[in-house]
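**Q** Quick one: the structure is below, and I'll ask about it shortly.
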Amino acid sequence: MDQELEYAQMLEVPVSTVNVVKKKPIFKKKEQKDDDALKEQVVDSVNERMGDYVYAEDLTVPPKAEKGAFAATLADKSGKILIIEVAAACLLAIGIFLTNVFMPNSAINSFIVGLTAEEVTEAAYSEFELYPVVSELSDAEVSVSESGVITFTGEGAVYPVAGGEVAAVTQGSDGTYSVEVAHTSIFRSVVGGLTNVYYSVGDEVAGNIPVGYSDGSSQVSVSMYNDGELLNCYTLTGALPVWNTSEVQS
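First residue of the sequence shown? That's 1 in full-length UniProt numbering, and the numbers climb one at a time after it.
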């Protein structure tokens, strides 16, 4: 009986106790039988009540969620988010590429170019090193006018006053050629009266390499311009133009 009560208390089940009062039997043998029968009845009664209570109240502990399943669910969600982000980045890159190809002047393309473009500071014309317009071996008489135009007549190679890029090549009515060299976006020089030209538009030229040739039948002229204005702030030392430091603009 005590074991059944302890079992019920462990399960925190309401327990009803039974007080049994028995009369003193006349015969001891009969008393022993009655006592055993009474014990069995009490045990059966308690077990019957316990069975009804357990059936009505589910005392089993609910299963706990497995950590592995939760981790797998979280990993699946993270993987889906990563896939979405990668897809969005790919779509953005494709959109920018198509915009650059088909809409080079679009607002988004201009914005991106503005972010990546570096501001370039050009050198002033007075910062350029000038070169002789003819070879040192030439016997041509080179002179410069007050307006700043260098002229000479003679056969031989003709050199640009400084390095740059050929911006234009034109042929005059007399059959001679003129070459315009861009040293910066605003500083340019023009060599005219050439019999032959050695370069095409877009080619790079250097001050120590001839830009053309004169057969000596026409006068060759060399002029320098800054933002369209003819420069005369230099003098000649032989065939070499030299900047007048007191007159040049920095």
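Yeah, the Cβ is synthetic: ideal placement off N, Cα and C, and Gly gets one too. The model shown is predicted, which means the values in this text are computed figures rather than measured ones.
Output needed for Thr235: all residues of its chain with C-beta closer than 8 Å, excluding positions within five of it in sequence on either side, in chain order.
**A** The answer, listed in chain order, is Val144, Pro241, Val242, Asn244.
**Q** Looking at the secondary structure, which residues open and close the beta strand (DSSP E) in which Ala167 lies?
**A** Unbroken beta strand (DSSP E) run through Ala167: 164-171.
**Q** I need the straight-line Cα distance from Gly193 to Ala162, nearest angstrom please.
**A** Near 18 Å, if we compare the C-alpha coordinates of Ala162 and Gly193.
**Q** Could you compute how far the alpha carbon of Asn208 sits from the alpha carbon of Tyr131?
**A** Looking at the two C-alpha atoms, the distance is approximately 7 Å.
**Q** Using three-state DSSP, classify Asp215 as helix, strand or coil.
**A** Strand at Asp215.
**Q** Can you pull the DSSP bridge partners for Glu155?
**A** Partner(s): Asp215.
**Q** Taking one C-beta from the stretch 181-189 and one from the stretch 135-155 each time, how about it: are there three or more such pairs within less than 8 Å?
**A** Touching, no, given that fewer than three Cβ pairs across the two stretches are closer than 8 Å.
**Q** Please go through the same chain and pick out, in chain order, the residues whose beta-carbon is closer than 6 Å to the beta-carbon of Val197, but skip the five residues on each side of it.
**A** Correct list, in chain order: Val169, Tyr177, Val179, Gly212.
**Q** Identify whether Tyr125 lies in helix, strand or coil by the three-state DSSP scheme.
**A** Helix.
**Q** Just to confirm before moving on: does the CB-CB distance between Phe157 and Ala167 stay below 8 Å?
**A** Looking at the sequence provided, one finds Ala at residue 157 rather than Phe. Against a cut-off of 8 Å, the Cβ pair of Ala167 and Ala157 comes out as no contact.
**Q** Which value, in whole angstroms, describes the spacing of the CA atoms of Val222 and Phe97?
**A** Rounded to whole angstroms, Val222 to Phe97 spans 46 Å at the Cα level.
**Q** Locate the beta strand (DSSP E) running through Gly192, then write down its first and last residues.
**A** Segment 187-194, the beta strand (DSSP E) holding Gly192.
**Q** Label Phe128 either buried or exposed according to how many other C-beta atoms from any shown protein chain fall within 10 Å of its C-beta, with 16 as the threshold for buried.
**A** Burial call: buried.
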